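Participant: Residue numbers (our numbering): 1018 to 1127.
For each residue, glycine too, the CB sits at the ideal point set by N, CA and C.
Computed from a predicted model, the values in this text were never measured in an experiment.
Let me begin by handing over the structure; questions about it come next.
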C-alpha cells in the first residue's frame, strides 16, 4: 500500500491538488522496479477553503489512485455554512498538463 497526503486551506488549491495526483503517479512509477504497487491512497486534509470532490477512483495507466478527503475545517464552516463542494472530474484530471518541478521553475526562471 502507498499513501500520499496533502493539506490545503484556501480556494487556490485546486491545481495543486490535481498536480499531487501526478506526483503520486510519479512515485509509483519509481517504485515499480523494486516492488509492484498498483494501488495508492491520496489523502487530502482540508483545513479551510472549498470542499473538493474527487472521483472515487482515478485510473492512470496501470495505477489506481483512491482520493480520500478529510475535512478538518473549523466548525463555523460546517452544516448550513459549509462551502459549496467543487467537483474535480476525472476528465479534468486526465487533461491536466503536469510539469514536474525543476530547479528552473522553482526559482522562477523560464
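(1) Cutting at 8 Å between CB atoms, please list the residues of its own chain near residue 1042, excluding the five before and the five after it.
(2) Which residues share a DSSP beta bridge with residue 1084?
(3) If we count Cβ pairs, one from each stretch, closer than 8 Å, do we get three or more for the segment 1084-1092 versus the segment 1043-1057?
(4) Please return the same chain residues whose Cβ sits closer than 6 Å to the Cβ of residue 1073, not counting the five positions on each side in sequence.
(5) Would you say residue 1110 and residue 1035 are within 8 Å of each other, going by their C-beta atoms?
(6) Rounding to the nearest angstrom, what Cα-Cα distance links residue 1126 and residue 1097 in this structure?
(7) If I follow the unbroken alpha helix (DSSP H) through residue 1048, where does it start and stop?
(8) Verify whether the separation of the beta carbon atoms of residue 1059 and residue 1084 is less than 8 Å.
(9) Is the distance from the Cβ of residue 1070 to the Cβ of residue 1038 below 8 Å?
(10) So residue 1019 and residue 1057 are supposed to be a Cβ contact under 8 Å. How far apart are they, rounded?
Facilitator: By the coordinates alone:
(1) For residue 1042, where only same-chain residues beyond five positions count, the Cβ hits under 8 Å are 1077, 1078, 1080 and 1082.
(2) The partner list for residue 1084 (beta bridge, DSSP) reads 1059.
(3) As far as the Cβ criterion goes, the segment 1084-1092 does not touch the segment 1043-1057, which means the pair count is below three.
(4) Same-chain partners within the cutoff: there are none.
(5) Yes, these two residues count as a Cβ contact at 8 Å.
(6) Note that residue 1126 has pLDDT 47, beneath the 50 cutoff, so the model's placement of it is unreliable and the number below is only indicative. About 45 Å.
(7) Residue 1048 -> alpha helix (DSSP H) spans 1031-1048.
(8) In contact: residue 1059 and residue 1084 (Cβ atoms closer than 8 Å).
(9) The Cβ atoms of residue 1070 and residue 1038 lie no closer than 8 Å to each other.
(10) Right, their Cβ atoms sit about 4 Å apart.
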